[in-house]
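Since the structure comes first, as structure tokens, the remarks are kept for the end.
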Amino acid sequence: MHWDNEYKQQKHVWGKGPSELAVFTVDFFKQHPLPAETPRIIDLGCGYGRDVFYMAQNMRCSILGIDKSPEAIRMAEDGRPKKSKSEIKFERQDFLALPTGNKYDAVFTSNIYHLLRPDERIKFREIINSILNPRGMLFMSVMSVRDPQHYGIGTPVAGESNSFVDKVYLHLCAEEELREDFGFLSFKELQENPYDEPRANGETHHHMIWLLAGEKSS
Ligand SMILES: C[S@@+](CC[C@H](N)C(=O)[O-])C[C@H]1O[C@@H](n2cnc3c(N)ncnc32)[C@H](O)[C@@H]1O
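In short: position in the sequence shown from 1, add 1126, done, that's the working numbering.
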């Protein structure tokens, strides 16, 4: 599996610091706290847990990170802080097969949506909608069609706009598409942000991502 190999070869490939989305999410909650005293948060595709640790350290919450890569979950368990004001759990799980019985005050998902094929994107949205509590929040980052590192790189996918296969399948998103796909949410923020991503192998990637915060109606 691609991600398992990536983690085995490059270890903490994006470093141990938080993603842009995790910083944005913690800042958002400082300004707009959730009503629950200890909000329940799930990180879909948590990788080795860098954002779970950042959120757990910077806000009181109960947070579950899930990822289908065994190596990611092993690294996440190894990186767990000895003490935390938040409850932290990791599970190896496919988010497209996530049971929808458990509900969350916030769903967090960093740099996942652009990896999903059209039918998987539909399923992903259905799962998010069904696991969010009323007034629950989605925090999501996804590559923009203006991403300089990946747009137009690799083989275009027949019958799809803005999708390419290079090392992996990538579908880059435009604003109108996100507003339509996530129409079940009330958008609180939708920002397009450039950032530089230093990687474990010494390269720096240059990206343009959307940062989305949306609230499910009650
Ligand atoms: C680009 S990485 C992002 C990791 C993490 N969110 C971060 O920013 O550090 C994508 C992650 O999604 C995970 N993933 C991909 N498809 C998945 C699925 N169907 N269920 C669970 N995890 C998945 C991969 O194993 C990988 O760890």
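We put the CB at the ideal spot given by N, CA and C, even for glycine. Since the structure is predicted, the reported quantities are computational estimates derived from the model, not experimental observations.
- Between the alpha carbons of TYR1321 and LEU1170 lies a gap of roughly 22 Å.
- Spatial neighbours of ASN1184 in its own chain (CB-CB distance under 8 Å, excluding positions within 5 residues in sequence) are listed in chain order as VAL1152.
- The three-state reading of DSSP puts GLN1136 in helix, counting H, G and I together.
- Nearest neighbour of ALA1202 by Cα position, chosen from ARG1176, SER1212 and ASP1220, turns out to be ARG1176.
- One Cα belongs to GLU1286, the other to ASP1292, and the distance between them is close to 15 Å.
- The shortest CA-to-CA distance from LEU1190 to any of CYS1172, THR1226 and TYR1239 is the one to CYS1172.
- LYS1194 and LEU1222 have their alpha carbons spaced roughly 10 Å apart.
- Within a 10 Å sphere around the beta-carbon of VAL1178 sit 16 or more other beta-carbons, which makes this residue buried.
- Spanning the alpha carbons of TRP1129 and LYS1249 requires a straight line of approximately 21 Å.
- GLU1163 has no beta-bridge partner at all, per DSSP.
- DSSP places LYS1208 outside both helix and strand once states are collapsed to three, so it counts as coil.
- Separation of the CB atoms of GLY1340 and PHE1313 is rounded to 5 Å, and the pair is thereby assigned contact status at 8 Å.
- The beta carbons of PHE1150 and LEU1337 sit closer together than 7 Å.
- Inclusion of SER1270 and ASN1237 in the CB contact set at 7 Å is not warranted, their separation being larger than that value.
- DSSP places GLU1217 in the uninterrupted beta strand (DSSP E) bounded by 1213-1218.
- In this structure, ASP1193 has its CB closer than 6 Å to one or more heavy atoms of ligand 1.
- Approximately 6 Å separates the beta-carbon atoms of GLY1141 and PRO1324; this is inside 8 Å, confirming the contact.
- Rounded to the nearest whole angstrom, the CA to CA distance from HIS1331 to TYR1180 is 22 Å.
- Distance from the C-beta of PHE1221 to the nearest heavy atom of ligand 1 is below 6 Å.
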